[in-house]
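Position in the sequence shown counted from 1, then plus 12, gives you this note's numbering. What follows is a set of notes on a single structure, which appears directly below.
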Amino acid sequence: MSREAVATKGKPPQNRYLTLDSEALEAYARRVSDLILAARLNKWYPDPFGCSDRLRFLAPSIRSGVYDGVGIDRTNGLPRHQDVLTVQVDRQIAEEFIAQQEARLALGRRLTPRVEAKLRYYRELVKVPAVPMTDLQVKLRRVYPERGSAAFEVVFDRFDPGEGVFVRYTLLIEQTDSMWGGGFLERTGDYTKQTNTFRSAMEKFAQDESEIMFLLLGRLEGIHVEEVARGRIGPLWSPWTPAPQGWFPPDASDAFVLHCPLDRASTGHEIDLDNDPFSTLYVDFLSDKARPIIEEAAQRYGYRVHKERKFACTKSALGPLQAKLKKAGTKNVIYSI
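This is how it looks when you write it as C-alpha cells:
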C-alpha cells in the first residue's frame, strides 16, 4: 500500500496551548460542533451529540461573558481537558444554581450582572442532557450454561487527557463462571456488577490501541476476548491548528478537518486491513526480535486488526484532502459541510 507518512501527533510544543476568545472562539466552537454531527458517527464512537454539545457551549454567545477564553491544544486542535471539564461541571450544578437564583428573583431580589450572565448560560446548559466525562457500562449479552461462561459487552467512554481527544472503547468479552465473584465481574441472574478491580483494569488498559488492550486483557485468567474497538473524535485541523503542508488550500481561513479514526482487533476479522493514512499496524512498529512474539500471540488469540479513518471537513478543505488521500492510497469516507 502506498502511503504518505504524515504525523497527526508528536512531541508537544513548548507553548502547547493557544488561547481563543471573542469572534475566533465563536467560529471555532460553531464549526467543530457542526463537524462532529456531520461525521455520522456510529456506535463505535463516543456519543456525537454529547461531544458536540460540550464544544458548542464554549461559544462566547452562549457563555455570556462568564469565561474569558478557551485554550486550544496545538497538538490535536481540540480544547484542553480543563475547558471541556468546565462545561461538564457547570452542567452538573446548573439546575441547582438556576433554582437558587429564581428563588431570589421571586423574593424581589436583584441579581448582579455577573450572576445574571451565569444564569443565562446555565439556562442554555440545562436544555441538553448531562453526559459524564467518563462512563463505563457493562451489558450481559448471553449466558452459556453448557460451557460455564457468560458473554458481555463493555462500553467505556472518556476524554483522554493524554491524547486530548474523545474516545470510546467497546469490548466483547466472555468470562468463565469460575471467575464470577473472583474480583473482575460479579453476576446474579441477568445482573452484572462491576468491581473495583474491573474498573481499575479498564482505566489501566484503555490507554492505547485496541490491539494492545486485546493483548493485555487476553492474558487475564478466565477471560476470553472476542473484540476490542477504539473510536476517537479528534484530532482537528483548523486555521489555528493547521494541517501539514499541502493538506490545506492556500486560503485556509475557513479550512477545518475533523479526524475520526477507528481501530478494531477482532476474532471476526480474517485478515489485517489498514485504511488509515496516518497510522500503522502495531506489529509494524516492533523490532525484529519482538515482532514474532506479537505475531504468535495474534495467532494464538485468533484476532486480526482493521484500521480506518473517516473525516468531516468544510467545503474549502475538501479538495486538498481528497487529493492527498488519493495519493496515500487509502479508502476513506469524507463528509463536508
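By construction, the Cβ of each residue, glycine as well, lies at the ideal position given by its N, Cα and C atoms.
*Let me know if leucine 337 comes out buried or exposed under the rule of 16 or more other beta-carbons within 10 Å of its beta-carbon.*
It counts as buried.
*Just checking, does the region 254-271 make contact with the region 315-332 on the three C-beta pairs under 8 Å criterion?*
In short, these stretches touch, since the Cβ pair count reaches three.
*May I ask which residues mark the beginning and end of the alpha helix (DSSP H) holding tyrosine 134?*
125-137
*Return yes when the Cβ of glutamate 239 is within less than 8 Å of the Cβ of serine 291, no when it is not.*
Not closer than 8 Å, so no.
*May I ask you to report which of helix, strand or coil DSSP gives alanine 302?*
Reliability fails at alanine 302, whose pLDDT of 49 lies under 50, so the model's placement of it is uncertain and the value that follows must be treated cautiously. Reduced to three states, the DSSP call for alanine 302 is coil.
*asked:* Would serine 222 and arginine 153 be called neighbours here (beta carbons separated by less than 8 Å)?
replied: no
*So who's on the other strand from phenylalanine 168, going by DSSP bridges?*
Leu148 and Tyr181
*asked:* Can you check which of these residues, His236, Thr253, Lys343 and Cys272, is closest to glycine 314 by C-alpha distance?
replied: Closest by alpha carbon: His236.
*Evaluate the contact criterion for the region 115-126 versus the region 43-59: three or more CB pairs, one atom per stretch, below 8 Å.*
no
_If I measure Cβ to Cβ from glutamate 282 and keep anything under 8 Å in the same chain, skipping five residues before and after, which residues do I get?_
Arg316
*Taking all protein chains shown into account, decide if threonine 182 is buried (16 or more other Cβ within 10 angstroms of its Cβ) or exposed.*
buried
*Would you mind sorting serine 45 into buried or exposed? The rule is 16 or more other CB atoms within 10 Å of its CB.*
buried
*Tell me, to the nearest whole angstrom, how far the beta carbon of leucine 148 is from that of glutamate 165; I am working on the premise that it is less than 8 Å.*
12 Å between Cβ atoms; not a contact.
*arginine 211 - DSSP class collapsed to helix/strand/coil*: helix
*Reference leucine 70, options Thr31, Glu320 and Pro332, closest by Cα*: Ranked by how close their Cα comes to the Cα of leucine 70, the residues Thr31, Glu320 and Pro332 have Thr31 in first place.
*Look up threonine 31 in the DSSP assignment and say whether it is helix, strand or coil.*
strand
*Compute the beta-carbon to beta-carbon distance between leucine 274 and glycine 246, rounded to the nearest angstrom, for a pair I have assumed lies under 8 Å.*
Not really, about 12 Å apart at Cβ, beyond 8 Å.
*Helix, strand or coil: how does DSSP classify histidine 281 here?*
coil
*asked:* Are the CB atoms of leucine 228 and phenylalanine 210 within a distance shorter than 8 Å?
replied: In terms of Cβ geometry, phenylalanine 210 and leucine 228 do not form a close pair [threshold 8 Å].
*asked:* Which same chain residues end up closer than 6 Å to methionine 145 when comparing Cβ atoms and leaving out the 5 residues on each side of it in sequence?
replied: Gln100 and Phe171
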